[in-house]
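A.B. asks: Let me give you the structure first, and then I'll get to my questions.
Protein chains: 2
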Amino acid sequence: MPQLSSVYRKLEEGAKRLTPQRELIIKIFLNHPGEHLSAEEVHRLVRQEFQDIGLATVYRTLELLTGLEILERINFNDGRARYEMKVREETHRHHHLVCLRCGRVEEFQEDLLDPLEDRLLQERGFRVMDHELKFYGICAHCRRQGKKEWE
Amino acid sequence: MPQLSSVYRKLEEGAKRLTPQRELIIKIFLNHPGEHLSAEEVHRLVRQEFQDIGLATVYRTLELLTGLEILERINFNDGRARYEMKVREETHRHHHLVCLRCGRVEEFQEDLLDPLEDRLLQERGFRVMDHELKFYGICAHCRRQGKKEWE
DNA sequence: TTACCTGCAAATGCTTTGCCTGGTC
DNA sequence: GACCAGGCAAAGCATTTGCAGGTAA
Numbered sequence: 001m002p003q004l005s006s007v008y009r010k011l012e013e014g015a016k017r018l019t020p021q022r023e024l025i026i027k028i029f030l031n032h033p034g035e036h037l038s039a040e041e042v043h044r045l046v047r048q049e050f051q052d053i054g055l056a057t058v059y060r061t062l063e064l065l066t067g068l069e070i071l072e073r074i075n076f077n078d079g080r081a082r083y084e085m086k087v088r089e090e091t092h093r094h095h096h097l098v099c100l101r102c103g104r105v106e107e108f109q110e111d112l113l114d115p116l117e118d119r120l121l122q123e124r125g126f127r128v129m130d131h132e133l134k135f136y137g138i139c140a141h142c143r144r145q146g147k148k149e150w151e
Numbered sequence: 001m002p003q004l005s006s007v008y009r010k011l012e013e014g015a016k017r018l019t020p021q022r023e024l025i026i027k028i029f030l031n032h033p034g035e036h037l038s039a040e041e042v043h044r045l046v047r048q049e050f051q052d053i054g055l056a057t058v059y060r061t062l063e064l065l066t067g068l069e070i071l072e073r074i075n076f077n078d079g080r081a082r083y084e085m086k087v088r089e090e091t092h093r094h095h096h097l098v099c100l101r102c103g104r105v106e107e108f109q110e111d112l113l114d115p116l117e118d119r120l121l122q123e124r125g126f127r128v129m130d131h132e133l134k135f136y137g138i139c140a141h142c143r144r145q146g147k148k149e150w151e
């Protein structure tokens, strides 16, 4: 999990100030690890846990932090963008398991894609710079709930 | 490539009529294989190649055809949904290579994901029903164009 | 007749932008 | 002072919906 200090450094590198609003938004992500928050959720949480703040500021800050590679923008096809902290130590991006029933998103790590990326470069000349892998299905919890339906 | 006859059958199974507008939209997809069309592009192409039609009808038809599994909805994070014909014979869905420079989308086939899906069920109880794999990078064509930039 | 379709315009929902004010370098 | 930020309201854009007028079964 990235620390505040590394976030400060990235803001400095980007010649951006650490304003109170920006700090509050970063704290929300640190306080909610493993969640994939939408702009509106971030806005609600900041106001709930700290103080009032403009929604446009939230959008601008999320954009800024994504550009600085502090956050990562993900799209789960639910009509809004979601964000999570980017884990710096990760050499391989993690992937997502999206439950079609309860909507919960789990994560998993998998290095399977590296040989494939090499092959894409060798065989088709396509240089991969980023990838995105999502599985949609039914999570263990929901499968226990409604066995008849999902088995 | 699916034929009109199989589309007719699916519409019948879904108790849906093959109206002129729906047929025109299906023909657009048959006339543009390998492309990933947005609602607006479909609308423009239908009006260009055939006749006028309402944009809302395009949206409703794309929704309908997706539900009948005639089309597949894909999101390339460019702010609009895109659609392509679903290839019935495919046991494994194909994946996409999105060029970050020219925006072109190539496809590729890969069965690598099956063992992974088995493991997700065994190890975490997550039953995968669908997946989505995208690589973002620079395509061979663009790499030839601007070697210095991308190498 | 009844249920289904289309077209248009209006509404929706997420996101971005313009403008003004106030703080920072 | 020049620039950067935040708040608010308005605008933007893709998509959805309500409704009136057809059309098919």
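Residue numbers (full-length UniProt numbering), protein chains in the order written: chain A, 1 to 151; chain B, 1 to 151. Glycine included, C-beta positions come from ideal geometry on N, C-alpha and C.
1. Where do the N-terminal and C-terminal ends of the beta strand (DSSP E) with glutamate 84/A fall, by residue?
2. So isoleucine 74/A and histidine 131/A are supposed to be a Cβ contact under 8 Å. How far apart are they, rounded?
3. Please report the Cβ distance between isoleucine 53/B and leucine 24/B, rounded to the nearest whole angstrom; I am assuming they are in contact, meaning their Cβ atoms lie under 8 Å.
4. When you compare only the Cα positions, how much space is there between histidine 96/A and glutamine 122/A?
5. Is isoleucine 74/B close to the ligand ATP? I mean its beta-carbon at under 7 Å from any heavy atom of the ligand.
6. Is glutamate 151/B helix, strand or coil when you go by DSSP?
7. Quick check on DSSP: helix, strand or coil for asparagine 31/B?
8. Within the 8 Å Cβ cut-off, does lysine 86/A reach chain B?
9. Do three or more CB pairs link the region 131–147 of chain A to the region 98–109 of chain A at distances below 8 Å?
10. In chain order, what residues of the same chain have a beta carbon less than 8 Å from the beta carbon of glutamate 69/A, not counting five sequence neighbours either side?
11. Quick one: using the 10 Å Cβ neighbour count with 16 as the cut-off for buried, is leucine 62/B buried or exposed?
12. With DSSP as the reference, please indicate the residues paired to isoleucine 138/A in a beta bridge.
13. Pull out every residue of the region 128–146 of chain A whose Cβ sits closer than 7 Å to any Cβ of chain B, in chain order.
14. Taking CB distances under 8 Å as the criterion, tell me whether residue 162/B reaches chain A.
15. Rounded to the nearest angstrom, how far is the Cβ of alanine 140/B from that of arginine 124/A, given a contact under 8 Å?
16. How many Å lie between phenylalanine 29/A and glutamate 84/A at the Cα?
C.D. replies: This is what the structure gives:
1. Start at 1 with the first residue of the first sequence, and residue 84/A comes out as number 84. Residues 81–85.
2. Within the first sequence, the letter at position 74 stands for residue 74/A. Within the first sequence, the letter at position 131 stands for residue 131/A. Not really, about 13 Å apart at Cβ, beyond 8 Å.
3. One-based indexing of the second sequence puts residue 53/B at position 53. One-based indexing of the second sequence puts residue 24/B at position 24. Sure, about 7 Å apart at Cβ, within 8 Å.
4. Counting from one through the first sequence, the residue named residue 96/A turns up at place 96. Counting from one through the first sequence, the residue named residue 122/A turns up at place 122. The straight-line gap from Cα to Cα measures roughly 27 Å.
5. This structure lacks the ligand ATP; in fact it carries no ligand of any kind.
6. Position 151 of the second sequence, counted from the start, is the residue given in the question as residue 151/B. Because the pLDDT at glutamate 151/B is just 43, under 50, the model does not fix this residue reliably, and the value given afterwards should be weighed accordingly. Looking at glutamate 151/B - three-state DSSP - the assignment turns out to be coil, as it is neither helix nor strand.
7. As a first step, residue 31/B must be located in the second sequence, where it is residue number 31. Asparagine 31/B: helix per DSSP, three-state reduction.
8. In the first sequence, counting from the first residue as 1, residue 86/A sits at position 86. Chain B, which has no Cβ nearer than 8 Å to the Cβ of lysine 86/A, makes this no.
9. yes
10. The residue given as residue 69/A occupies position 69 in the first sequence. The answer, listed in chain order, is Lys10 and Lys86.
11. One-based indexing of the second sequence puts residue 62/B at position 62. Classification of leucine 62/B: buried, given that the 10 Å Cβ count is 16 or more.
12. Here residue 138/A refers to the residue found at position 138 when the first sequence is read from its first residue. DSSP lists Arg127/B as partners of isoleucine 138/A.
13. Val128, Met129, Asp130, His131, Glu132, Leu133, Lys134, Phe135, Tyr136, Gly137, Ile138, Cys139, Ala140 and Arg143
14. As displayed, chain B neither begins before 1 nor continues past 151, which places residue 162/B out of reach and without an answer.
15. As a position in the second sequence, residue 140/B is number 140, starting the count at 1. As a position in the first sequence, residue 124/A is number 124, starting the count at 1. About 6 Å; that satisfies the 8 Å criterion.
16. Locating residue 29/A in the first sequence gives position 29, where the first residue counts as 1. Locating residue 84/A in the first sequence gives position 84, where the first residue counts as 1. Their backbone Cα atoms lie some 7 Å apart in a straight line.
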